[in-house]
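Okay, structure first, notes after.
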Amino acid sequence: NMQRNNNNTITAKPEYVLKRANDLINTAYGNNADREKKLALDQLHNVISNKRKGNWTKIHEDLMKRHIELCVDLKDHRLVKDGLHQYRNLCQNIEPISLEIVINHLIDLSEKRATEARNKADKVTLAAAAKVADLDQEESPESILLSSMTDEGSKHRTDIEVVVPWLKFLWEIYRAILELLHKNSKYDKLYHKTCEKAFKFCEEYKRNIEFRRLSEMLRLHLFNLQKLTITTNKANKVVFEWTSEVIDLHLHTRLIQLEVATVLELWNEAFRIVEDIYSIITASKKSPKAKVMAAYYEKLTRIFWVSENYLFHAYAWFKYYCLMTESRKDVKPEDRLYYATNVLLSALIIPNIKEVDLSTTTISSEIDDLVIEKNQQMAMLLDFQSNPTRSNLLADIISRNIYKE
Numbered sequence: 034n035m036q037r038n039n040n041n042t043i044t045a046k047p048e049y050v051l052k053r054a055n056d057l058i059n060t061a062y063g064n065n066a067d068r069e070k071k072l073a074l075d076q077l078h079n080v081i082s083n084k085r086k087g088n089w090t091k092i093h094e095d096l097m098k099r100h101i102e103l104c105v106d107l108k109d110h111r112l113v114k115d116g117l118h119q120y121r122n123l124c125q126n127i128e129p130i131s132l133e134i135v136i137n138h139l140i141d142l143s144e145k146r147a148t149e150a151r152n153k154a155d156k157v158t159l160a161a162a163a164k165v166a167d168l169d170q171e172e173s174p175e176s177i178l179l180s181s182m183t184d185e186g187s188k189h190r191t192d193i194e195v196v197v198p199w200l201k202f203l204w205e206i207y208r209a210i211l212e213l214l215h216k217n218s219k220y221d222k223l224y225h226k227t228c229e230k231a232f233k234f235c236e237e238y239k240r241n242i243e244f245r246r247l248s249e250m251l252r253l254h255l256f257n258l259q260k261l262t263i264t265t266n267k268a269n270k271v272v273f274e275w276t277s278e279v280i281d282l283h284l285h286t287r288l289i290q291l292e293v294a295t296v297l298e299l300w301n302e303a304f305r306i307v308e309d310i311y312s313i314i315t316a317s318k319k320s321p322k323a324k325v326m327a328a329y330y331e332k333l334t335r336i337f338w339v340s341e342n343y344l345f346h347a348y349a350w351f352k353y354y355c356l357m358t359e360s361r362k363d364v365k366p367e368d369r370l371y372y373a374t375n376v377l378l379s380a381l382i383i384p385n386i387k388e389v390d391l392s393t394t395t396i397s398s399e400i401d402d403l404v405i406e407k408n409q410q411m412a413m414l415l416d417f418q419s420n421p422t423r424s425n426l427l428a429d430i431i432s433r434n435i436y437k438e
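Last residue of the sequence shown? That's 438 in this note's numbering, and every number before it is there in order.
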């Protein structure tokens with residue numbers, strides 16, 4: 034069961050270590066359970082992190098799955114993060130699909146445990162868990178003391194102690210996976226699937242701070258990818274290329290991100306996501322598919338309506354109408370009527386510019402200049418007119434005979 038490596042040290046074969054770890058897990062009961070599991074995990078981790086672990090075999094995947102199961106049991110996000118990095122280096126050139134299998138196993142297990150914890154807790158506990166401002170920070174002694182100063186404080190305290198650690202663990206798992214995959218094009222689909230899961234987590238558990246951090250992380254990943262497009266390897270080939278498939282994946286992810294920002298009412302973050310979308314579109318040599326852009330403007334109609342920006346709400350409807358009627362030949366007459374009606378009504382409800390108060394002309398003109406500048410910046414990002422106004426939009430509607438629909 035032993036093999037000798039080049040520097041004459043002896044290491045156990047992976048299958049032997051896995052069997053030994055399983056024996057430890059099977060006898061892990063009572064007070065010593067966590068200690069036995071930790072011992073088993075350390076042995077598995079030693080194999081994964083050994084520099085002389087040899088070439089990838091199927092037994093390594095089985096071993097890594099067990100490693101992950103123990104990490105989840107013990108909520109050890111640091112060891113699972115390191116294990117994933119080591120395993121990626123082991124399998125990505127021989128059997129890249131194995132890393133995907135292992136990561137999906139990790140996500141499934143982590144989400145299942147978080148859901149179980151949530152289902153056991155009552156609504157009061159979940160509301161309290163949502164008030165834990167930052168999952169990266171430990172609770173203060175004061176908050177612990179205050180939470181137990183009620184008749185039912187100890188019960189809620191216990192429930193919160195069950196729910197919050199699983200939320201923290203799940204959050205760390207999403208982050209670790211995204212950091213691991215973001216520069217590797219082999220795992221593009223898995224990366225974007227994980228983004229969607231992380232967005233859903235932020236929405237479901239009302240994690241505003243984590244959503245902002247997630248958005249910043251994705252923004253940095255996007256910046257790194259843009260740098261790679263001008264980087265060449267030894268063969269003088271571009272390291273990363275914005276293919277139409279890559280563009281579609283990134284835009285689809287950003288549309289979901291935009292939707293969640295709207296649900297969480299994070300309007301500044303939504304504006305920054307629009308900037309990200311613009312940078313993705315401009316990075317492409319080809320225009321994104323009309324279907325994708327139509328979905329984008331359809332989402333913008335809702336965002337601008339809720340945020341009471343009626344000018345851009347109307348322009349978003351206008352762009353949506355143009356995309357739907359110009360790119361599709363199968364638009365039903367009733368759908369065309371619906372789109373046109375929304376364009377016209379949304380344009381008509383844009384408030385007229387108020388009369389300027391002569392006593393505050395200077396201040397008003399400065400404010401107007403800022404509004405115009407902000408509108409022009411937003412118009413550029415959204416591919417609207419350079420000077421979007423109610424009268425300009427109505428002129429476009431008339432010139433296109435939309436009002437006759």
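Cβ coordinates follow ideal geometry from the N, Cα and C atoms, glycine included.
Is it buried or exposed for residue i, if we count other Cβ within 10 angstroms and need 16 for buried?
{"i": "threonine 262", "result": "exposed"}
{"i": "glutamate 308", "result": "exposed"}
{"i": "glutamate 302", "result": "buried"}
{"i": "lysine 332", "result": "buried"}
{"i": "proline 366", "result": "exposed"}
{"i": "leucine 426", "result": "buried"}
{"i": "lysine 352", "result": "buried"}
{"i": "isoleucine 210", "result": "buried"}
{"i": "lysine 222", "result": "exposed"}
{"i": "tyrosine 224", "result": "buried"}
{"i": "isoleucine 220", "result": "Residue identity differs from the one stated: residue 220 is tyrosine in this sequence, not isoleucine. By the neighbour-count rule (16 or more Cβ atoms within 10 Å), tyrosine 220 is buried."}
{"i": "tyrosine 207", "result": "buried"}
{"i": "asparagine 408", "result": "buried"}
{"i": "glutamine 410", "result": "exposed"}
{"i": "phenylalanine 256", "result": "exposed"}
{"i": "serine 424", "result": "exposed"}
{"i": "methionine 326", "result": "buried"}
{"i": "glutamate 94", "result": "buried"}
{"i": "alanine 428", "result": "exposed"}
{"i": "serine 432", "result": "exposed"}
{"i": "serine 360", "result": "exposed"}
{"i": "tryptophan 89", "result": "buried"}
{"i": "proline 384", "result": "exposed"}
{"i": "isoleucine 101", "result": "buried"}
{"i": "lysine 91", "result": "exposed"}
{"i": "lysine 362", "result": "exposed"}
{"i": "tyrosine 354", "result": "buried"}
{"i": "isoleucine 310", "result": "buried"}
{"i": "leucine 253", "result": "exposed"}
{"i": "lysine 439", "result": "This structure does not reach residue 439, given that the chain is present from 34 up to 438, and the question cannot be answered."}
Closer than 8 Å by C-beta to residue i: which residues in its own chain qualify, once you throw out the five before and the five after it? Chain order, please.
{"i": "threonine 358", "result": "Val364, Arg369 and Tyr372"}
{"i": "leucine 107", "result": "Asp67, Lys70, Lys71 and Leu74"}
{"i": "threonine 60", "result": "Glu69"}
{"i": "valine 105", "result": "Val113, Leu139, Leu142, Ser143, Arg146 and Phe202"}
Excluding five sequence neighbours on each side, which residues of the same chain lie with their C-beta closer than 6 Å to the C-beta of residue i?
{"i": "serine 379", "result": "His346, Ala347 and Trp350"}
{"i": "methionine 97", "result": "Tyr120 and Val135"}
Near residue i, what residues of its chain come up, given a Cβ to Cβ distance below 7 Å and the 5 sequence neighbours on each side ignored?
{"i": "threonine 295", "result": "Ala303, Arg335, Ile336 and Val339"}
{"i": "lysine 201", "result": "Leu168"}
{"i": "proline 198", "result": "Lys108"}
{"i": "glutamate 205", "result": "His110"}
{"i": "leucine 251", "result": "Cys228"}
{"i": "asparagine 375", "result": "Trp350"}
{"i": "isoleucine 314", "result": "Pro321"}
{"i": "leucine 288", "result": "Ala328, Tyr329 and Lys332"}
{"i": "isoleucine 280", "result": "Ile313, Ser317 and Pro321"}
{"i": "phenylalanine 232", "result": "Ile289, Gln290 and Val293"}
{"i": "isoleucine 127", "result": "Asn88 and Trp89"}
{"i": "isoleucine 382", "result": "Tyr343"}
Task: Segments assigned alpha helix (DSSP H), at least 4 residues, entirely inside the stretch 117-153 - done: 129-153
Open item on the list: With three or more C-beta pairs closer than 8 Å as the rule, is the stretch 120-133 touching the stretch 145-155?
Closed with: no
TODO: Jot down the residue ranges of each uninterrupted alpha helix (DSSP H) in the stretch 55-120, minimum 4 residues, whole runs only, in chain order.
DONE: 66-82 and 91-107
Open item on the list: As an exercise, report each continuous alpha helix (DSSP H) stretch of at least 4 residues that is fully enclosed by the stretch 273-329, in chain order.
Closed with: 277-296 and 300-316
Open item on the list: Closer than 8 Å is the cut-off here; do at least three beta carbon pairs connect the stretch 77-84 with the stretch 116-125?
Closed with: yes
TODO: Assess, as a yes-or-no matter, whether the stretch 243-253 is touched by the stretch 274-282 under the definition of 3 or more beta carbon pairs within less than 8 Å.
DONE: no
Open item on the list: My parser needs the alpha helix (DSSP H) runs of 4 or more residues fully inside the stretch 216-252; what are they?
Closed with: 221-237
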